[in-house]
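Put into structure tokens, the structure is as follows:
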């Protein structure tokens with residue numbers, strides 16, 4: 073993180089009052105123009121200062137201060153969910169080890185192991201509910217959150233994740249750039265007039281990719297039209313790609329709803345959906361309510 077007086081602050085948090093003009097360098101892009109055999113703090117700081125003076129620092133997006141707290145809280149929630157899933161998997165592996173179906177059938181010491189995992193699961197679930205409840209006053213009344221809640225496959229948690237991770241759809245000039253940031257399109261390596269696409273790109277936002285992936289699965293479960301779209305793609309492509317294409321269409325809807333500040337029109341690929349969501353909490357009567 074750099075500021076435009078060419079002196080690096082020791083504590084970045086002290087600069088949020090507006091006393092310094094900060095630049096958040098994009099680490100991946102910066103590496104291409106600041107590579108060196110000898111790398112020390114002094115050499116790196118000199119190189120960064122020269123690049124900043126020449127306006128050659130590739131900048132990354134810096135989240136708005138008011139959004140940082142909700143976003144970090146949602147990421148903490150995800151880590152708690154992953155820990156909870158790990159505890160459940162440990163119990164399943166314990167039962168599988170002895171070919172049993174119930175924890176009560178285990179020997180005493182193994183029952184103790186399972187009890188420890190169950191206690192952790194209960195604690196983690198309580199903490200997850202606490203984090204979600206803390207975000208309700210900040211996010212439920214938000215108009216963009218309400219618009220997201222009416223889109224197929226997007227529930228309360230996904231809406232919170234999408235809103236906090238996107239941090240303003242206006243920073244994406246086109247839908248294609250938004251899809252790329254969400255890791256929903258293959259990467260490309262262009263050289264000598266040739267284009268090579270590659271999958272599994274690690275650039276972009278992994279939390280958005282995960283959220284849209286979950287939304288796609290839920291949409292296929294509850295909407296016959298979306299399920300038919302998935303099956304049509306599945307006949308020609310691998311399952312992983314077919315699921316990503318469904319997630320891509322959900323992301324397309326999200327982009328247009330947020331960028332145009334319009335309610336979801338109930339269409340998928342130009343055709344009306346046979347099901348609509350009900351007006352009940354957390355969905356308000358209308359997104360503008």
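Numbering (this note's numbering), first residue to last: 73 to 361. We put the CB at the ideal spot given by N, CA and C, even for glycine. What you are looking at is a predicted structure, and each value in this text was computed from that prediction instead of being measured.
Reducing DSSP to helix, strand and coil, say where residue 240 ends up.
coil
Could you check where the alpha helix (DSSP H) with residue 252 kicks off and where it finishes?
247-253
For residue 230 versus residue 255, is the C-beta spacing smaller than 8 Å?
no
Touch test, the region 291-309 against the region 213-227, Cβ-Cβ under 8 Å, three pairs minimum:
yes
Buried or exposed for residue 179, please, with buried defined as at least 16 other CB atoms from any protein chain shown within 10 angstroms of its CB.
exposed
Cβ atoms of residue 243 and residue 133: under 8 Å apart, would you say?
yes
Straight-line Cα distance separating residue 332 from residue 280
20 Å
Please name the residue in 290, 330, 241 whose C-alpha comes closest to that of residue 318.
290
What is the residue span of the alpha helix (DSSP H) that residue 180 lies within?
180-211
Can you tell me whether residue 207 is buried or exposed? The criterion is at least 16 other CB atoms within 10 Å of its CB, across all chains shown.
buried
Using a threshold of 8 Å, state whether the C-beta atoms of residue 199 and residue 152 are closer than that.
yes
The region 120-137 in contact with the region 234-242 per 3-pair CB rule at 8 Å:
yes
Compare the Cα-Cα distances from residue 233 to each of 250, 283, 189 and report the closest residue.
283
Three-way DSSP call (helix, strand, coil) for residue 95 in this model
strand
When you compare the CB positions of residue 288 and residue 315, do they come within less than 8 Å of one another, or not?
yes
The alpha helix (DSSP H) enclosing residue 305, as first and last residue numbers
296-306
Which value, in whole angstroms, describes the spacing of the CA atoms of residue 359 and residue 348?
Any reading at residue 359 must be qualified, since the residue scores a pLDDT of 49, below 50, and its modelled position is unreliable; the value itself is stated next. If you take the alpha carbons of residue 359 and residue 348, they lie about 15 Å apart.
What does DSSP give as the partner residue(s) for residue 340 in the beta ladder?
343
Please report the straight-line C-alpha distance between residue 217 and residue 335, rounded to a whole angstrom.
11 Å
Backbone CA spacing between residue 148 and residue 111 [nearest angstrom]
34 Å
Beta-bridge pairing of residue 131 - partner residues as DSSP gives them:
97
Could you tell me how far apart the beta carbons of residue 145 and residue 203 are, in whole angstroms, since I believe they sit closer than 8 Å?
6 Å
Residue of 140, 138, 99, 137 minimising C-alpha distance to residue 120
99
Assuming residue 183 and residue 175 are in contact, meaning their beta carbons sit under 8 Å apart, how far apart are those beta carbons, in whole angstroms?
6 Å
Do you know how far the Cα of residue 161 is from the Cα of residue 338?
38 Å
Reference residue 340; option with closest CA among 302, 313, 96, 310
302
Leaving out five residues before and five after residue 330 in sequence, what residues of the same chain have Cβ atoms less than 8 Å from its Cβ?
216, 219, 220, 238, 241
Roughly how many angstroms lie between the CA atoms of residue 249 and residue 323, to the nearest whole one?
11 Å
Going straight from the alpha carbon of residue 77 to that of residue 116, what length do you get?
Any reading at residue 77 must be qualified, since the residue scores a pLDDT of 43, below 50, and its modelled position is unreliable; no value is offered.
Short Cβ contact (8 Å threshold) for residue 210 with residue 142:
yes
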